[in-house]
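Protein sequences appear in the order of chains A and B. Using my numbering, the letters of the first sequence map in sequence onto residues -9 to 318. Using my numbering, the letters of the second sequence map in sequence onto residues -9 to 318. Idealized CB from N, CA, C, for every residue including glycine.
Number of protein chains: 2
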Amino acid sequence: MSVSIPISQQFAIGIDIGGTNTKFGLVNHRGDISYHGAILTHKHERIEEFIDDLYEAIIPAINDSGGIEVIRGIGIGAPNGNIYKGTIEYAPNLKWKGIIPLADLIGKKFGVSAKLTNDANAAAVGEMTYGAAIGMKDFIMITLGTGVGSGIVANGELIYGHDGFAGELGHTITIPGGRLHPGTGEHGSLEAYASATGVARTALEFLDRQPYEESLMRNYAREEIDARVVYECAMEGDKLALEVYDFTGKILGLALANFVMFSSPEAIIFFGGMAKAGDLLMVPVRETMEKHLLPIFRNKVKLIFSELKEADAAILGASALVWEMKQA
Amino acid sequence: MSVSIPISQQFAIGIDIGGTNTKFGLVNHRGDISYHGAILTHKHERIEEFIDDLYEAIIPAINDSGGIEVIRGIGIGAPNGNIYKGTIEYAPNLKWKGIIPLADLIGKKFGVSAKLTNDANAAAVGEMTYGAAIGMKDFIMITLGTGVGSGIVANGELIYGHDGFAGELGHTITIPGGRLHPGTGEHGSLEAYASATGVARTALEFLDRQPYEESLMRNYAREEIDARVVYECAMEGDKLALEVYDFTGKILGLALANFVMFSSPEAIIFFGGMAKAGDLLMVPVRETMEKHLLPIFRNKVKLIFSELKEADAAILGASALVWEMKQA
Chain A
-9 MSVSIPISQQ FAIGIDIGGT NTKFGLVNHR GDISYHGAIL THKHERIEEF IDDLYEAIIP
51 AINDSGGIEV IRGIGIGAPN GNIYKGTIEY APNLKWKGII PLADLIGKKF GVSAKLTNDA
111 NAAAVGEMTY GAAIGMKDFI MITLGTGVGS GIVANGELIY GHDGFAGELG HTITIPGGRL
171 HPGTGEHGSL EAYASATGVA RTALEFLDRQ PYEESLMRNY AREEIDARVV YECAMEGDKL
231 ALEVYDFTGK ILGLALANFV MFSSPEAIIF FGGMAKAGDL LMVPVRETME KHLLPIFRNK
291 VKLIFSELKE ADAAILGASA LVWEMKQA
Chain B
-9 MSVSIPISQQ FAIGIDIGGT NTKFGLVNHR GDISYHGAIL THKHERIEEF IDDLYEAIIP
51 AINDSGGIEV IRGIGIGAPN GNIYKGTIEY APNLKWKGII PLADLIGKKF GVSAKLTNDA
111 NAAAVGEMTY GAAIGMKDFI MITLGTGVGS GIVANGELIY GHDGFAGELG HTITIPGGRL
171 HPGTGEHGSL EAYASATGVA RTALEFLDRQ PYEESLMRNY AREEIDARVV YECAMEGDKL
231 ALEVYDFTGK ILGLALANFV MFSSPEAIIF FGGMAKAGDL LMVPVRETME KHLLPIFRNK
291 VKLIFSELKE ADAAILGASA LVWEMKQA
């Protein structure tokens, strides 16, 4: 890219790699996405085929936008992504095994610089660049989806740790000896409770434990009960469904208290499907968090929601890596 | 201070404020202490008297060393110290109530710039400047003494959080609903178990719960049983005393696993009296920590001991703030 092109005419390519789909977009420095596209991730057994297909899918958008000269760089969000090495390492949900030097491979294919981080960190950078965390130097981003992801910003920088893997708050042990996480074999980790999967499991446990308690949730087959069903029943006033969100919120609030006493963030920003439960979750979260905080931390931390449109957030987050990139 | 004096001829004053004693020293940039002194903290009801006495005690050392021109600055470690504001805020162990603008007051009295932080953060800066963490960009310092303190370094900088109070790891909840911490009213915080006070309490609980189990600890009156007695009995092979350290190490190891999944440090550095228990504590700590870590974090984190002499560490840590200080 020629450095003489003003930033207002430059674009970042944001690529979000998920187990099923890989989505991408061209993003300007204000966070407007001018082009959307997607390819299937999982149909590519070999990483080279994946990159070839991705190139073919993106190149028309690049040409339409003014050619490769206006592309400042490529930002990639990927599961188990390592910012330091630009690699994906042993991602359980992807077909490519071992350590994949994805940023290098993509950078070479496109002929521009590429940077990669995990999806939760990308979300935090996106929020800082275009969203609710503009101007914040200390915050924690919590993604409440199928799993629980996190990105931590302190002193205005993402915390990557010595190896690039910091910020696995979903796997911290909140309830020692508690519920088994089937993916990790660990007991009592936050993700086992505060993910959408965890909420569904709590609902089934509550239904089983209180067989004589009526509940709207009993109108659904066991395998139909997910976080959305529990949410809808709770919104209709179902006592057991309300208890499920109360229980979940208390565990999340306890975990947040510990995170706050670690890095004392200005705000905790929630993102992901589960965050839509709103007050149902946030009332017990705040109450429990405040209760467990030392007095010096109380009534200071903002609990807020992402300001990025959910469908775009992963692409925006990935693209945000580019604007922080040093020019070669 | 004249900027023309080479750094090798400059001194930092390190001041460590404790509830009983306030210690100070003149420290060169390599960490050699050329002068030691102390005054009583608690005999000064008013902060102004304290500062006057401190000035009288330190000024001969300054004059002996070449006068105020060679003093680069003053670093202060204090309980509840806030780096951003240079204040001590509501320190329970000090007589001065409310918010004390100590860095300002001391800076004005001496006519040089002064910087203040809490004692645990000062220990981390000291370790980074003169000790085991030279060259490390990501580590956590854990002080195991009467309480459990911590200082967290990420991306080469102390994490202070938005308000200056980050790094209260001793107060994170490791065992929800667990042992009451009499100072905070919280249940199950790390400090309730992994401090010297916690070890003594565990010993008494174990003795009470197993009244027919012989133990060398029964040769001591209840009020004599402290972490040192438990340590000495354990070193003689006492089964119950060994169990106390094993129990303590497991809880500390669980807490450390959570800290590692937060900031992924290169090392955890231990400091303080309890750290002297060595393998007695560290074997169960490492085993339990590794067990609870996600595989990507396993067998990476170094558990090491402070390389600063304990008697000097607080002064060195406070003085280290000065070398990072920007010259006015």
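Asked                                                                                                                     : Found
Against chain B: residues of the stretch 255 to 268 of chain A by CB proximity under 8 angstroms                          : Pro255 and Glu256
DSSP state of Ile90/B mapped onto helix, strand, coil                                                                     : strand
Separation of Leu180/B from Leu197/B, as counted between CA atoms                                                         : 21 angstroms
Through-space distance from Gln0/B to Gln317/B, alpha-carbon basis                                                        : The predicted position of Gln317/B is uncertain, since its pLDDT is 47 and thus under 50; a value taken from the coordinates is nonetheless stated next. Their backbone Cα atoms lie some 13 angstroms apart in a straight line.
Cβ-Cβ separation, Gly67/B to Thr107/B (assumed contact under 8 angstroms), whole Å                                        : 6 angstroms
Alpha carbon of Glu297/A to alpha carbon of Leu95/A, nearest angstrom                                                     : 32 angstroms
Whole beta strand (DSSP E) elements within the stretch 240 to 302 of chain A, 3-residue minimum                           : 257 to 261 and 292 to 295
Among Thr192/B, Phe260/B, Lys87/B and Val250/B, the one whose alpha carbon lies nearest that of Ala231/B                  : Thr192/B
CB contact check: Glu280/B to chain A, cutoff 9 angstroms                                                                 : no
Rounded straight-line distance, which links the Cα of Ala81/A to that of Ile49/A                                          : 27 angstroms
Alpha carbon of Glu204/A to alpha carbon of Tyr221/A, nearest angstrom                                                    : 16 angstroms
Under the three-state DSSP convention, the category His26/A falls into                                                    : strand
Completely contained beta strand (DSSP E) runs for the stretch 55 to 113 of chain B, where each covers 3 or more residues : 61 to 67, 77 to 79 and 104 to 107
Beta-carbon neighbours of Glu158/B, restricted to chain A and to distances below 7 angstroms                              : Met251 and Leu284
From Arg36/A, Glu176/A, Gly65/A and Pro172/A, residue whose alpha carbon lies closest to that of His19/A                  : Gly65/A
Amino acids of chain A, ordered along the chain, whose beta-carbon sits closer than 7 angstroms to that of Leu244/B       : Ile163 and Pro166
Burial state of Pro285/B, where buried means 16 or more other Cβ atoms lie within 10 Å                                    : exposed
Nearest-angstrom beta carbon gap, Ile(-3)/A and Val60/A [assumed within contact, 8 angstroms]                             : So it is not a contact: roughly 10 angstroms between Cβ atoms.
Neighbour list for Asp153/A in chain B, Cβ cutoff strictly below 9 angstroms                                              : Asp128, Ser254, Glu256, Ile286, Phe287 and Lys290
Cβ neighbours of Gly27/B in the same chain (closer than 8 angstroms, five flanking residues each side left out)           : Lys13, Phe14, Gly15, Ala47, Ile48 and Ala51
Reference Asn70/A, options Thr162/A, Asn289/A, Pro255/A and Leu92/A, closest by Cα                                        : Leu92/A
Closer than 9 angstroms to chain A by CB, Ala110/B                                                                        : no
Neighbouring residues, chain B, relative to Ile78/A (Cβ below 8 angstroms)                                                : Those within 8 angstroms of Ile78/A in chain B number zero; the least Cβ separation is about 12 angstroms.
Beta-carbon spacing of Lys127/B, Glu256/B below 9 angstroms                                                               : yes
Three-state class that DSSP yields for Thr164/A in the structure shown                                                    : coil
Distance between beta carbons of Gly243/B and Glu277/B, contact taken as under 8 angstroms                                : 7 angstroms
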